[in-house]
Amino acid sequence: MRIINMIDNYNEMCDMTQIQGKFNAYKCYTEKYPDLYDGIFKYFYMTDISNLQSMIEQCDFNSCLAKAKENINNGIVDKIVNTVNKTIKLLNYHGDFDLYIGLDLGMHGGVALPANHGNPYAYIGIDRNISESTVESLIPHELNHMVRGAILQNIDMFDFTERVISEGLGTYCPVAFRYGSCDFDLTIEIVAEVMGLPINKTMELMNNKNSLEKAVVNEFGTPLTAEKMSQFFMWSGDDATQYPLSGYFIGMYIIHDLITKGYTICELTAMSSQDIYQNYTK
C-alpha cells in the first residue's frame with residue numbers, strides 16, 4: 620500500500636487562490652493527481668472540470684483544510700489506515716494499491732474508481748466531518764470497489780446492472796467487516812448505518828422492498844444515465860424524497876441473499892454481475 624497524503628498540496632492551493640483565483644488554483648491542484656482526477660471527473664462528477672466552475676467558486680477551501688487538520692489531530696487518519704489494512708485482509712487482496720488521504724470540494728467521503736493506468740486506488744476524503752463509525756462504513760465500501768475493479772478489470776460502471784451489483788457489494792462489505800459473513804437478518808438499524816440514512820427513510824425502503832426491486836431490475840441491461848443516477852443512486856438529504864438510494868439498497872439485499880446461501884464476500888467480490896444476478900434468481 621502506498622499512502623498519498625494530499626494535504627500539503629491542498630494547503631498550497633489555498634494560498635494560491637489569492638493569486639490565481641479559486642478555479643485556476645483548483646485546476647492546478649487536480650493536475651498534480653492525474654490518475655485520481657481522471658476518474659473523479661469521468662465517473663463521479665460525470666463532466667469536465669470546466670463545467671464545475673460555479674461549484675468550485677462556492678467551495679470554502681479553507682474550511683475544508685481546517686476540517687482535515689482537525690481529523691488528523693483526532694487520529695482519524697490512523698483509524699483510516701488501520702481499517703484499510705483490516706478490510707484488505709477481509710477481502711484477501713494481496714496486490715499493490717494507492718491510498719489517497721485526500722481533500723477536494725468537501726462533497727464526497729471516498730471513491731474507488733477504475734484506474735486508466737498505474738495502481739488501483741481508493742480516495743478517502745478528510746475534508747469533512749468524519750467519525751470512527753463513519754470510517755468503518757466508508758472504508759470497507761470503497762475498498763470493496765477497488766478490489767473488485769482490480770480483480771475483474773474493465774468493469775463498465777456505466778452499465779446499470781454493474782452499478783447496482785457493485786454498489787450492493789460495497790454497501791454490504793461494512794456488514795461483513797463488523798458482523799462477519801453469516802446468516803442473520805438485516806435490521807433497520809444495520810441498513811440505516813451502512814447506507815448513511817435516517818431510520819424513517821430506511822423504513823420506507825424496507826417496507827417497499829418488493830416494488831423497489833422490480834423497478835431496479837427492470838433497468839438491468841440498460842446504460843446508466845444521469846437521470847437514473849439521480850433516481851437510484853443519489854440523495855440530497857431532502858426528507859420529501861421517497862426511496863432514496865434504492866439502487867444501493869436492492870443491490871445490498873441481492874448480496875445478502877447470496878451470503879445467506881453460503882457465498883462469501885470474497886467470492887462475490889470476484890464474481891461478475893451477470894453471474895451474481897443469475898445465482899440470486901436460481
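Under the numbering used here, the first residue of the sequence shown carries the number 620, and numbering increases by one thereafter.
Glycine residues also receive a C-beta, built at the ideal position from the N, C-alpha and C atoms.
This one's a predicted model, so the numbers in the text were calculated from it and none came from an experiment.
Expected contact under 8 Å - CB spacing of residue i and residue j to nearest Å
i	j	result
SER862	GLU823	According to the sequence as given, residue 862 is Tyr; it is not Ser. About 6 Å; that satisfies the 8 Å criterion.
TYR712	ILE743	About 16 Å separates the two Cβ atoms, so there is no contact after all.
THR888	LEU788	6 Å
MET641	ILE675	The sequence shown places Lys at residue 641, not Met. Right, their Cβ atoms sit about 6 Å apart.
GLY729	GLU751	About 15 Å; that fails the 8 Å criterion.
THR649	PHE680	With a Cβ gap of about 13 Å, THR649 and PHE680 do not count as contacting.
ILE622	VAL700	7 Å
Among the options, the one whose alpha carbon lies nearest that of residue i
i	options	result
GLU755	ILE784, VAL703, GLY714	VAL703
HIS736	PHE642, HIS713, GLN772	GLN772
GLY768	LEU757, TYR740, THR753	TYR740
LEU757	VAL813, ASP627, PHE803, MET825	VAL813
MET848	VAL836, ASP804, LEU864, ASP857	LEU864
GLN672	ILE749, ASP717, TYR645	TYR645
GLY890	VAL700, SER785, ILE695, ASN819	The displayed chain sequence assigns Met, not Gly, to residue 890. The shortest Cα separation from MET890 among VAL700, SER785, ILE695, ASN819 belongs to SER785.
GLY881	GLY799, HIS764, LYS698	GLY799
TYR872	VAL794, GLN850, TRP854, ASN819	VAL794
PHE839	ILE818, ASN819, GLY870, VAL810	GLY870
PHE777	GLU832, PHE852, LEU877, GLU650	PHE852
THR821	ILE623, VAL810, THR883	VAL810
GLN897	VAL836, PRO842, MET726	VAL836
LEU846	GLN639, PHE779, MET620, LEU655	Reading off the sequence, residue 846 comes out as Glu, not Leu. Of the candidates GLN639, PHE779, MET620, LEU655, the one whose C-alpha sits nearest the C-alpha of GLU846 is PHE779.
GLY714	PRO653, PRO842, LYS901, ILE770	ILE770
MET726	LYS698, SER682, ASN763	SER682
LEU843	PHE663, PRO653, THR790	PHE663
ASN819	PRO653, MET620, GLY856	GLY856
Close beta carbons around residue i, own chain, < 6 Å, minus the five adjacent residues each side
i	result
CYS678	LEU724
PRO759	THR706, CYS792, PRO793, PHE796
ASN826	none
GLU832	ILE869
Close Cβ partners of residue i (< 7 Å) along its chain, the five nearest in sequence each way excluded
i	result
GLU781	ILE774, ASP775, SER892
LYS854	For clarity, residue 854 is Trp in the given sequence; the question names Lys instead. Answer for TRP854: THR860, PRO863, LEU864, listed in chain order.
ASN690	VAL696, ILE745, ILE749
CYS885	LEU710, ASN711
ASN670	none
Own chain partners of residue i with C-beta closer than 8 Å, once the 5 adjacent residues on each side are dropped
i	result
LEU684	ILE626, TYR629, ASN630, CYS633, LEU722, ASP746
THR666	PHE660
MET765	PHE716, ALA731, PRO739, TYR740, ALA741
ILE895	ILE784, ILE873, ILE874, LEU877, LEU887
ALA687	ILE626, TYR629, LEU722, ILE745, ASP746
ASP657	ASN735
TYR899	ILE873, ASP876, LEU877
PRO653	none
Where residue i falls, given that 16 or more other Cβ within 10 Å makes a residue buried
i	result
GLU808	exposed
ALA734	buried
LYS708	exposed
GLY815	buried
GLY694	exposed
THR790	buried
ASN763	buried
### Query
What are the start and end residues of each continuous beta strand (DSSP E) run of 3 or more residues lying completely inside the stretch 647 to 686, in chain order?
none
### Task
Please list the segments of the alpha helix (DSSP H) lying wholly inside the stretch 786 to 852, counting only runs of 4 or more residues, in order along the chain.
807 to 814, 818 to 826, 828 to 836, 845 to 852
### Task
Give, in chain order, every unbroken run of the beta strand (DSSP E) that is at least 3 residues long and sits entirely within the stretch 735 to 793.
740 to 744
#### Entry: Segments of 4+ residues assigned as alpha helix (DSSP H) that fall wholly inside the stretch 696 to 733
none
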